[in-house]
Amino acid sequence: MSDPIYWPSFFFLLFAGIACAFAIAVVVSSNIVRMAFYLVMSLAATAGLFFVAGADFVGSMQVLIYVGGTLVLLVFGVMLTSQDRFISMKTSRFELGMAAGVGACLFLLLLFAAWSVPEWRSLSREQVDAIALEPTATPLGMALLGARVDAPESPDVAGYLLVFEIISVHLLVVLVGAAYLARAKRKGSAIAE
Amino acid sequence: MAQFLIAKDIWPWLAYTLAALVHIFLLLNLVAVGALLFIWMERKVSGRIQDRLGPTRVGGKFGWLQTLADGIKLLTKEDLMPEGADAFLFKLAPYVSFCASLSAFMAIPFAGGQYPFVALHMNVAVFFIIAVLGLEVFGVILAGYASASKWSLFGAMREAAQVVSYEVPLGMCAVVPVLIAGSMDLVFIGDRQAGGFWNWYVFHDPFTFVTFWVYFTCATASVNRAPFDLAEAESELVAGFHTEYSGLRWSFFFMAEYGSMMAVSLLASILFLGGWHGPLPIGTGLGLTFENGFWFGFAGNVLGTANILLKGIIGVTVMMWVRWTLPRLRIDQVITTCLKYCVPIAAMAFLGATLWQYALPNRVFFGLAEMRPQSYAIEEVLPNRNSQPADAKPVSVTAELNRTNHRANIASLD
Amino acid sequence: MMPLFANILTEPVGVAHYLVVGAVLFVCGALCMATKRNAIGVLLGIELVLNGANLNFIAFGSRYLRDSQGTIGLDGQLMSLFVIVLAAAEAAVALAIALNFYNSFSSIDVDQADQLQG
Amino acid sequence: MDNLPTLLMIAWLLPLASFAVICIGYSVPQLLGLRVRYSTQKIASYIAVGAIVFGFLISAYCLFGIWLPEHPLAASSHHGEEQPDELAGQASPFRPTAFAEEHSEEGHKHATNGPPLYQAGDWYTLARFGSLKLTIGYYIDTLTIAMFCMVTLIASCIHIYAVGYMHDELHDVTDHEVTLSNGEHLHRRGRFQRFFQYFSLFSFSMLGICISGNLAMTFVFWELVGICSYFLIGFYIERHSASTAANKAFIVNRVGDFGMIIGLMALWSTLGTFSFGDVDKADGTKERGMFSMLHEQSNGYELAPTQRMIDFDASRQSEGSEPTNGQWLLFVAGVGIFCGCMGKSAQFPLHTWLPDAMEGPTPVSALVHSATMVAAGVFLVGRVYPIFTPEALLVIAVIGCITLFLAATIAITAVDIKRVLAYSTVSQLGFMMLALGLGGWVAGLFHLITHAFFKSLLFLCSGSVIHAVHSNDMRQMGGLRHKMPITAYTMLIGCLAIAGIGIPFVLGFSGFHSKDVIVEQAIHFGQTNGGYSWLFVVVPLAGALMTSFYMFRLWYMTFAGKPRDHHRYNHAHESPWVMAGPLVLLAVFAIGVGWTLPMQMPGVLSRLGVENLLDTARPVGQLGNKHGVLLPNLVIPDEHASHVAAVKIPAGWSAILVAVAGIAGATVVYLWEVISAASLRRYLNLLYHATWNKWWFDELYDFVFVRPTLAISRFIAFALDRGLIDSILHSFAWIYRGLAAVVAIVGDRWLIDNSVDTVAEKTWDLGLTLRSVQTGQLRQYVMFIVVCTIALFIVATLWWRFAVAG
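What follows is the structure in structure tokens.
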């Protein structure tokens, strides 16, 4: 029994709409806390897009790390620096216009690029329905450990163990670095003005 | 459920809509009615702990209508907003919290088997729930900021620091059962523990035993319950982040809080305490499985749902018990507990459980018992030293994954 | 050019649709970086930009959006995982820098951070 | 059989693991400034002991569990057991093997033997430079396994003993022999763990030499042994004497190693390989080793220079000289390698380091003198025996002969208990070299193994004595047997063993058997060559006489008679069991290690004995008489032929006679004191002084080498360096300075400076212009980036279109 509405597309439209709307809201808004809130909504909707594209693990990661972690950090920053005059800082009208023009150019350009390759258009409904569903978490985990179970027929597809390790170390370094940068200054360090 | 309806020749869009409505109805009721029950329970429990009776006036001997009366009071209360508040965010904040708390229930299975009782059967459910529960803090922060009150702001900041910190050990602890089961699918994890309490992951090995307690501590902290309720420390911050709230908005925060408590308790019972499986395999013993027919399995699942809800309620009760027993910690003590104790213990337990699993792959109950032979194909995904022949190619893995029919979440979308 | 929204509700979406959403996020992020004077606002813009890029990775790696010969497979998801993780790291460092900046200037206006002016 | 290399590798690497553990676990933290607790340090010794004991167990399993069942001795022997031995007492259950066997003459016509049973292979290829391949390989034959058992067993005993002996290092130490500039004695932390760390490395290195499959690897471990001995001799590094002794040992060894490198190069450049045996390659073929190249099967396994050697030799031949066909080259290679052995085994010109090496703790001396360092030299001669030409063997024999005599004379007058033993070691090493040089391969290595046991016993006993009386000087001892009976009587067993006491042709202490075969071979050599070669019989016999004399002198002065220093005597005590236990164990071996079990014993025990074992490992081409080429009259006689009765009987009687005579002499002089030692000293004044001053070798070296070197250096430094070279250089400098001044003004300032300045100014101007772009405004930068991206995209698109279109 066929369905007039193709549901993944429906959810794509839903999430894409939310993501784009809130992304634009981020730009338009001038209140920093609201911007953060819009961003969260946008990112959460992006996570939904990930789910629709079949990347459930990445979507969860997006929610967990970005929305749950990064943005809490951001809000934290807002709190620490929240004084009324910083909450909303206006930019000059000229700059806004300039940015809008350039942004429009960039967007048109990207649109052009996205639409100029025929292979990037949709598949037909039958083709998509024929694709078997595959969970992604296990292959992703194996790939991070250096084994590509998703591409067994081409053994030279690289695993990501080294990258994984490098990023782990990188994270550690970053944590140390951030703690160092944000540490309480010793007494007597001059504060400007 | 949607598949079931489609199989009964119902239009897919109608089937999906119906299924969604039923799920939403059930879950909303669980959270809302649960909150009613828990608020009443909290009062009774605290009363008993403090050697008094608790509510008795409304609703007869047990005061069981007390919360309903409270609800009516809250509904009729004036909805106030401070003058300097950010109106948009102020109004939005309780819903954000509540939505986050409610969404977590979306992925929690209440019974397993071939047709699990779950709104959204996710392959990465554990991750999803932890991630979504973490979103609850966002509503709290927005509330704290938007209230334009320093008490609220303080509460919200504390909450932010606390939740961000406690998500680390919480995630680590949750990963341990995932590691042992070899999947993040909660239905799968729950069904792995079928067959009696000796199969529960809390008793899997000493490390999971430790992990369970660390998990429960961190869960208590991440839902802001005493002794970690710094965000609403009424002795210091009036009422913390919800100082300026009243009426229905306020009650949304409370529903979110009790919902989260229930959610983490349910998660704990699925991850560690066998989920919908009782301490003794009574349902299976009576033949209530899907192998014997759909309705047998359905009855078994209803039994399992009762089982897991009972476990969840017990978990919540323990949290209440803790709340009325222990004094509140200072913020530095809270963070110390997390970073100096919970994180290292969780990390060690994780490592230990890994090694244990490597050394004794098919043992349960502290390694004393052999695991019941189960033909879970996911075992072959993980390099199992005992069962996998040395020359097995990873080619088979994808096939196995296909065969196991772990529905990717997109399945629930189309 | 094929109409974008003609039969979008009845037919599957393709990579191009995702790319359009990604472009919107990217441009919004870039604009955010270019127009916000608040350092935290700039950071929000960066997050948006990264998300736009992530969306593209996911789209190119997805098996449902185009025939499987053309996808970059799991690499797309892996890349976006790395981007997410590194974005978290970057946010931590950037916040630390912002705090430091605030400590030094009692302000988070990036326009004041022009010590590097030539 | 297949896992034999692996097992031996484990036994070999265990001490390395112990070394690594101790080094990382203890020494590195200590270097980083942590103070490792003494109770923790104690664990280090357990690690080391555990490693070496486990190594011994593995080695013993390899010998008895793998090798012997696979290659039973009875079957592998060349000689029929059924031959009657008419001289052996039928009553004795133990019968020295290969004893008085009849050999028919025709048996020796074809008597050059093939290579012994061995396993050779490579574990790991370190590097490959063209045809030069450096590998970590193995060459395992009976000798290797026997050495493994011997080394690990003795090292185990010494390790255990050292746990007791070194306990002083388990607390802070005040070294009374080191006085600081402020007049106080040195006070330092104990370094118990360091001792065991080096011990483990030492054992590892020695085992590495034993198992090594090629000369390059041998050389590596050779040097490792050297550096370990350096560390251990200099263990009390703060003592000046210890540090100089360590230096001396190291430097003297380098002299020998120089010769060894020459030998290595000679071999490699003509053979193209370092490996001893034939190594299986991956493709199933064999990679030929040195031995099979020099002893072709087609040649009846006779030693013959390879074609490359002959060609090489011919290309160097001057007009009219006798062609040597590569024999000289082989001689040089052999002597070169022997030079290395000379250094390690303290042979005659390079023997001076060994007595000085007594500065190390006594367990070190025991290890150095029995199982490891000095044994390495003899072992290497035994290992590369197939490349020695008869002339090279003669050199070895001569050197050994000189060494054994000189050292024995010096030992007679030494009063330091450890020095007596040290010189006795040198002397015994001389015996071994002599035996090897005279063609007695089994005799030399047999003596090496028996000597290892009784010499380690003797050293550990002396260590026990020193531990008890805190002095090395025998003149302060006496009568100690009442105080420390275990030490006294185990040492007596050691003395009897080294003196070679036994019932002729029947049974005796281990040294009896091994010394007997040496004397047999010497007499056989004398019979074959005649003339001056009888010196090779007389001198060893004199040496043996002196050996038994000074050993019993030592024993009497230490343990018998009246105590000379009552303070020390009263203070003396028997050592704890951790030290006495190894003594007893070693004493048992010192008695019995020379024995051979009769054929009637079951299983692997049948005919079991060191001599029989070694006989199965006899290197390729060593049976039958070998005739010299450069010295045509020289004949290295067949070793088996020395067991005939005509040689055996005089050898047995003369050996036992000199041994008994030596003991008798010592008894007369030092126990009964019929003749006082002082009057003897007066009678033989010159001789006494000569030996007392060690034949003035140290002075001689000082005069011949050190002082001239110093004088020449001084001359070069002052006259040549300062006077000539410096003034030339100075004048050059002056000229250059003048030139430079001109260049500086003309070239530098005018030409270069101007141009560079112009460039700099232009750059500066450009920079000033460009700095206005650098606003420091983050948001503007973002805009730049976006705009430039768009621009790039447009340009690239246009270019692409253009390129496709055009």
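Chains as they are written, first to last, in the working numbering: chain A, 1 to 193; chain B, 1001 to 1414; chain C, 2001 to 2118; chain D, 3001 to 3806. Note that CB positions come from ideal geometry on N, CA and C, so glycine has one too. Quantities reported herein were computed from a predicted structural model and do not represent experimental measurements.
Within chain D, the residues that residue i reaches when beta carbons sit closer than 9 angstroms
i: Cys20 of chain A; result: What Cys20 of chain A touches in chain D: nothing, since even the nearest Cβ is about 19 angstroms away.
Proximity test, Cβ basis, 8 angstroms: residue i and chain D
i: Ala36 of chain A; result: no
i: Ala99 of chain A; result: yes
i: Val26 of chain A; result: no
i: Val2024 of chain C; result: no
i: Leu172 of chain A; result: no
i: Leu109 of chain A; result: yes
i: Val2093 of chain C; result: no
DSSP state of residue i mapped onto helix, strand, coil
i: Ser116 of chain A; result: coil
i: His3071 of chain D; result: coil
i: Asn3685 of chain D; result: helix
i: Tyr1245 of chain B; result: coil
i: Asn2100 of chain C; result: helix
i: Leu3134 of chain D; result: strand
i: Ser3275 of chain D; result: strand
i: Glu3287 of chain D; result: strand
i: Ser3212 of chain D; result: strand
i: Gly3089 of chain D; result: Confidence at Gly3089 of chain D is low in this model, with a pLDDT of 39, below 50, so its placement is unreliable and the value that follows should be read with caution. Coil, per DSSP.
i: Val3674 of chain D; result: coil
i: Ile2084 of chain C; result: helix
i: Lys3418 of chain D; result: helix
C-beta atoms of residue i and residue j nearer than 8 angstroms
i: Ala2088 of chain C; j: Ile32 of chain A; result: no
i: Asp3356 of chain D; j: Lys3248 of chain D; result: yes
i: Thr1067 of chain B; j: Leu1036 of chain B; result: yes
i: Leu1267 of chain B; j: Ile1129 of chain B; result: yes
i: Tyr1215 of chain B; j: Cys1173 of chain B; result: yes
i: Thr3616 of chain D; j: Pro3116 of chain D; result: yes
i: Ile3412 of chain D; j: Phe3552 of chain D; result: no
i: Thr3490 of chain D; j: Cys3461 of chain D; result: yes
Amino acids of chain D, ordered along the chain, whose beta-carbon sits closer than 8 angstroms to that of residue i
i: Ala2113 of chain C; result: Gly3776, Leu3778
i: Val102 of chain A; result: Met3783, Val3786, Val3787, Ile3790
8 angstroms Cβ cut-off: residues of chain A touching residue i
i: Leu1089 of chain B; result: Val33, Arg34, Phe37
Chain A within 8 angstroms of residue i, Cβ atoms only
i: Ile2072 of chain C; result: no
i: Ile3022 of chain D; result: no
i: Ala2088 of chain C; result: yes
i: Phe3802 of chain D; result: no
i: Tyr1145 of chain B; result: yes
i: Leu1142 of chain B; result: yes
Partner residues on chain A for residue i, Cβ-Cβ distance less than 9 angstroms
i: Gly1240 of chain B; result: Neighbours of Gly1240 of chain B on chain A: none; closest Cβ ~14 angstroms, over 9 angstroms.
Residue-level contact to chain B via CB, residue i, 8 angstroms cutoff
i: Ser30 of chain A; result: no
Contacts of residue i in chain D (Cβ-Cβ under 7 angstroms)
i: Leu96 of chain A; result: Those within 7 angstroms of Leu96 of chain A in chain D number zero; the least Cβ separation is about 11 angstroms.
Interface partners of residue i on chain A, CB under 7 angstroms
i: Met1184 of chain B; result: Ala137
Residue i Cβ short of 7 angstroms to the ligand NAP heavy atom set
i: Leu3686 of chain D; result: For the structure depicted, the ligand NAP is absent and the ligand set is empty, with no information on it obtainable.
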